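Read in order, the letters of the sequence shown are residues 1 to 490 in the UniProt record's numbering.
Think of the CB as a built atom: it goes at the ideal place given N, C-alpha and C, for glycine as much as any other residue.
Bear in mind that the values here come from a model prediction, so they are computed numbers and not experimental data.
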Amino acid sequence: MEANNELNFVLAKDISKDDETFFYSNPSRINGIGDPFIIRDHKTGVYTVIATSASIGFYGWDSEDLVNWGSKHWVYQRPENTWSTDSYWAPEVVFYNDAYYMFYTARDKSGRLLISVAKSDSAAGPYEDVSPEKPVFDFGYAIIDASVFVDDDGRAYLYYAKDCSENVINGQHVSEVYGVELNEDLLSIKSEPVLLTRPDSRWENPQGDWAWNEGPIVQKHNNEYYLAYSANMFESPAYSVGYAKSANPLGPYEKAQENPILATKQLEGISGSGHHSYFNSPDGTELFTAYHTHTVPQKPSGNRQLAIDRALYTEDGKFVVNGPTESYLPAPANDKQRVLLGSEISDIQLSEAATALSEASGDDASSLELAKLFDGILSIHPDQKVNDVNIQTEADGNIEIKITLQEEHNLAAICLVSSSQKDNNIANISLKINDKVSNLGELEGTNPRNHTLAGKFDPITSNEIVLIIEPKDASSPISLSEIYISEKLN
1 MEANNELNFV LAKDISKDDE TFFYSNPSRI NGIGDPFIIR DHKTGVYTVI ATSASIGFYG
61 WDSEDLVNWG SKHWVYQRPE NTWSTDSYWA PEVVFYNDAY YMFYTARDKS GRLLISVAKS
121 DSAAGPYEDV SPEKPVFDFG YAIIDASVFV DDDGRAYLYY AKDCSENVIN GQHVSEVYGV
181 ELNEDLLSIK SEPVLLTRPD SRWENPQGDW AWNEGPIVQK HNNEYYLAYS ANMFESPAYS
241 VGYAKSANPL GPYEKAQENP ILATKQLEGI SGSGHHSYFN SPDGTELFTA YHTHTVPQKP
301 SGNRQLAIDR ALYTEDGKFV VNGPTESYLP APANDKQRVL LGSEISDIQL SEAATALSEA
361 SGDDASSLEL AKLFDGILSI HPDQKVNDVN IQTEADGNIE IKITLQEEHN LAAICLVSSS
421 QKDNNIANIS LKINDKVSNL GELEGTNPRN HTLAGKFDPI TSNEIVLIIE PKDASSPISL
481 SEIYISEKLN
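Have a look at this one:
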């Protein structure tokens, strides 16, 4: 097909900073941090990321769209004549009874790590200690990484890590995750803490002299509790996230077989993805996770940077994080733009000689395979081939994918995500809408920085999109894992 640009397609990397925000990419410009937590102010709608970031407190950065962040500002500063000295770590905030409560870790004058609470009427602070003279939580041993979950019935729970600095079991320094119910004031416990997880899975290096389960955080979905945590040392490339499920907030919890769910593994140029938190897109329809990676992956250290990626629950109850990524992806949905849902796709058809390869049998096997292109699950690692969609043609020439929507939309952007395979066999992709055609280029997909082909075009109203894909080798299948189609709202 002759190269053209009737849709005025512009690659994400070439979009002006002053133009509409359709895309984001990791890492953000925020670095020198760790343990990021993102909270949205219920009055202003502004998001603030608060993180391990200063020797005497915590910095924050504000954003309206989760893509463009402002300058850092103080969220909390150590007051004079307080119980704490340094090691201000892992802040997490919960909005409760019309106030924001920040739970954080700090070191007392004896050197022990403990947990306290500061309060504010604004998500962005400033926060002031509710108990400057002593830590709110002191169980007689080192504790870090506090996280609070408030259940549907209003009961609140504190999750934390019993820290390996003091927790020595049979000569091994071990960080373990505990949980305890809180009283209604959030400042005192209602029961005794319960052990929930400890490093006992192979990927958590349970036989090492030091082993970690830390950074716990809980979500509830379909009446099940999902306790996610980080394992391995935070300065290690192997620092990763796993999760466990339970029918009750205080367990017992069973770890997922598919762990870890957020890990760099062998990804080129990314290291130490972990200690995450959750937040929703501005329009409330998408779940995201914030996490850190090492700023200099070749020299992992405490210098870390902010990253965000989509997360979701599958129909069979698994929890998925689409990361770590460093390619352009659709920005979190807001009142200006959003990604169309899989349920808004009415039909996907291939050119006559093409078929979607499937291990399943039956007349609908190819259609079910094609539906995976809009299931929201990305292929990040080579071991995620189950998320790939492989399309084979029996004839020379291009493969066409015709996508029909349930109704017309004001289409404005597209993002194609490569497969788990190093070579997706894609030489070139063109986009056709209402007889207008633009050449998008090649989807390389060989490393995390070119794993997507993303860009925007002049808004056009239609209920049909056609992708024309030129294989490198017509005798081999082309491979994708996801297609994001975005519409402009205002």
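Counting along the chain, Glu369 sits inside no beta strand (DSSP E); it lies in the alpha helix (DSSP H) bounded by residues Ala365 to Ala371. Contact annotation: the stretch 19-32 does not touch the stretch 243-255, with fewer than three C-beta pairs closer than 8 Å.
In the assembly as shown, Pro382 is an exposed residue. Its beta-carbon has fewer than 16 other beta-carbons within 10 Å. Exposure of His73 is indicated by the presence of fewer than 16 other C-beta atoms within 10 angstroms of its C-beta. With fewer than 16 other beta carbons inside 10 angstroms of its own, Gln257 counts as exposed. Taken in chain order, the whole beta strand (DSSP E) runs of length 3 or more contained in the stretch 275-346 are 287-294, 304-313, 319-321 and 337-339. Leaving aside the five residues that flank Asn8 on each side, the residues in its chain whose CB is nearer than 7 Å to its CB run, in chain order, Phe457 and Asp458. In the structure shown, Phe374 falls within a helical segment according to DSSP collapsed to helix, strand and coil. Here the C-alpha atom of Lys134 lies approximately 11 Å from the C-alpha atom of Ala106. CA-to-CA, the gap between Ser165 and Lys372 works out to about 45 Å. The alpha-carbon separation between Ile380 and Tyr141 amounts to approximately 39 Å. About 6 Å separates the beta carbon of Val148 from that of Phe103, a gap short enough to meet the 8 Å contact definition. Secondary structure note for Asp62: its beta strand (DSSP E) is the uninterrupted segment Gly57 to Ser63. Looking only at Leu196, Asn439, Pro324 and Phe139, the smallest Cα-Cα distance to Arg449 is reached by Pro324. Closest by C-alpha distance to Tyr88, out of Glu464, Ile115 and Leu262, is Ile115. Within the stretch 86-142, the runs of beta strand (DSSP E) that reach at least 3 residues and sit entirely inside it are, in chain order, 99-108 and 113-120. Taking all protein chains shown into account, His409 has 16 or more neighbouring C-beta atoms within 10 Å of its C-beta and is therefore buried. In the three-state reduction of the DSSP assignment, Trp203 falls in the helix class, which pools H, G and I.
The Cβ neighbour count for Asp108, taken over all protein chains shown within 10 Å, is at least 16; the residue is labelled buried. Residues Tyr178, Gly179, Val180, Leu250 and Gly251 of the same chain have their beta carbon placed closer than 8 Å to that of Val194, with the five preceding and five following residues left out of the count. In this structure, DSSP gives Ala12 a helical state, which the three-state scheme calls helix. The continuous beta strand (DSSP E) containing His173 extends over residues Gln172 to Leu182.
In the structure shown, the three-state DSSP call for Val67 is coil.
One thing to note: Ile377 has its Cβ no nearer than 7 Å to the Cβ of Pro477. Contact between the stretch 417-430 and the stretch 335-349 is not established, with fewer than three Cβ pairs separated by less than 8 Å.
Secondary structure at Lys402: strand, using DSSP grouped into helix, strand and coil.
Contact check for Ala161 and Asp145: beta-carbon distance about 5 Å, within the 8 Å limit, so the pair qualifies. Out of Ile465, Arg202, Gln406 and Glu204, the CA that lies nearest to the CA of Ile429 is found in Ile465. Distance from the Cα of Glu315 is smallest, within the candidate group Ser418, Asn222 and Lys43, for Asn222.
Looking from the CA of Leu312, the closest CA among Lys220, Glu352, Ser120 and Ser346 belongs to Lys220. Assignment of Pro448 by DSSP, reduced to helix, strand and coil, places it in the helix class. Within the DSSP secondary-structure output, Phe23 pairs in a beta bridge with Pro330. Taking every protein chain shown into account, the CB of Ser84 has 16 or more other CB atoms within 10 angstroms, so this residue is buried. Shown here for Ala395: same chain residues with a beta carbon closer than 6 Å to its own, the five before and five after excluded, namely Ala353 in chain order.
Per DSSP, reduced to three states, the secondary structure at Asn31 is strand. If you draw a straight line from the Cα of Val49 to the Cα of Pro36, it comes to about 6 Å.
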